[in-house]
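Peer 1: Have a look at this one before I ask anything.
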């Protein structure tokens, strides 16, 4: 299975990467190159939409963690969109569900970064 990546800049300054197919030892370099390219172009707030991902292995996890390290060096973040039980289970087993914010939809991920938090409200 091939890996397809579609990048959409969002209105709020976030970049959404829609990933579909399999992220494995053969296809992960394509995702790694795209993440590196985005960071080098100044995109430090990324939403990776994994709803179309059918398979994820340790190489794919490593690419996501490597991407997270790159954006964090610029005070950025990577959020994930995933509702598939088998993929979410991999994140739980590895403990990466505590490292990445995982949302049910791109809209939820955007809202998480555009809604004022408890410290942002004015009295």
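In this note's numbering, the protein residues as written are 33 to 155. The beta-carbon is built from N, C-alpha and C at its ideal position, and this holds for glycine as well. Treat the numbers as computed from the prediction; the structure is a model and nothing was measured.
#1: Ends of the alpha helix (DSSP H) at residue 135?
#2: Taking its Cβ as the centre, do 16 or more other Cβ atoms sit within 10 Å of residue 141, making it buried, or is it exposed?
#3: Are residue 100 and residue 119 closer than 8 Å when you measure CB to CB?
#4: Quick check: the Cα distance between residue 77 and residue 36, rounded to an integer number of angstroms?
#5: Taking buried to mean at least 16 other C-beta atoms within 10 Å of its own C-beta, is residue 75 buried or exposed?
#6: Which of helix, strand or coil does DSSP assign to residue 39?
Peer 2: Judging by the given coordinates:
#1: What you label residue 135 is simply residue 103 of the chain shown in a count that begins at 1. Unbroken run through residue 135 is the beta strand (DSSP E), 133–135; no alpha helix (DSSP H).
#2: Working through the chain shown from its first residue, we reach residue 141 at position 109. Classification for residue 141: buried.
#3: Indexing the chain shown from 1 puts residue 100 at position 68. Indexing the chain shown from 1 puts residue 119 at position 87. No, the Cβ-Cβ distance between residue 100 and residue 119 is not below 8 Å.
#4: Locating residue 77 in the chain shown gives position 45, counting from the first residue. Locating residue 36 in the chain shown gives position 4, counting from the first residue. Cα-Cα distance, rounded: 20 Å.
#5: Taking the first residue of the chain shown as position 1, residue 75 is located at position 43. The residue is buried, with at least 16 neighbouring Cβ atoms inside 10 Å.
#6: Sequence index remark: in the chain shown, residue 39 carries index 7 (1-based). Correct three-state label for residue 39: strand.
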